[in-house]
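The structure under discussion appears below in the form of structure tokens.
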Amino acid sequence: SDMEGVDVARIDELIAKRARARATRDFDAADAARDALGDMGVSIEDTPDGTIWRLAPTRGTR
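With positions in the sequence shown counted from 1, the corresponding number in the numbering used here is that position plus 9.
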């Protein structure tokens with residue numbers, strides 16, 4: 010499965026941390042959380058309904 014080896018709990022934690030940081034205008038912390046997600050191969054998109062995430066297409070093609 011594409012989700013094998015993906016730490017969904019960690020991804021959710023980082024997204025929540027980023028949302029809290031953005032809410033308090035702590036953009037350095039928000040960027041750090043976004044960068045950590047990127048390092049995990051996760052791309053995020055902010056929508057009116059909240060942040061959604063997906064694995065970058067290159068992940069899991071070994």
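We put the beta carbon where it would ideally sit given N, CA and C, even for glycine.
For Leu64, write down the residues that DSSP places opposite it in a beta bridge. Val51
If you draw a straight line from the alpha carbon of Arg27 to that of Gly50, how long is it in whole angstroms? 16 Å
Report the residue from Arg29, Ala38, Pro57 and Ala42 whose alpha carbon sits nearest the alpha carbon of Ile20. Ala42
Decide if Ile61 is buried, meaning its Cβ has at least 16 other Cβ atoms within 10 Å, or exposed. exposed
Expressed to the nearest angstrom, what Euclidean distance is found between the alpha-carbon atoms of Gly59 and Ala25? 10 Å
For the alpha helix (DSSP H) that Arg29 lies in, which residues bound it at each end? Val17 to Ala32
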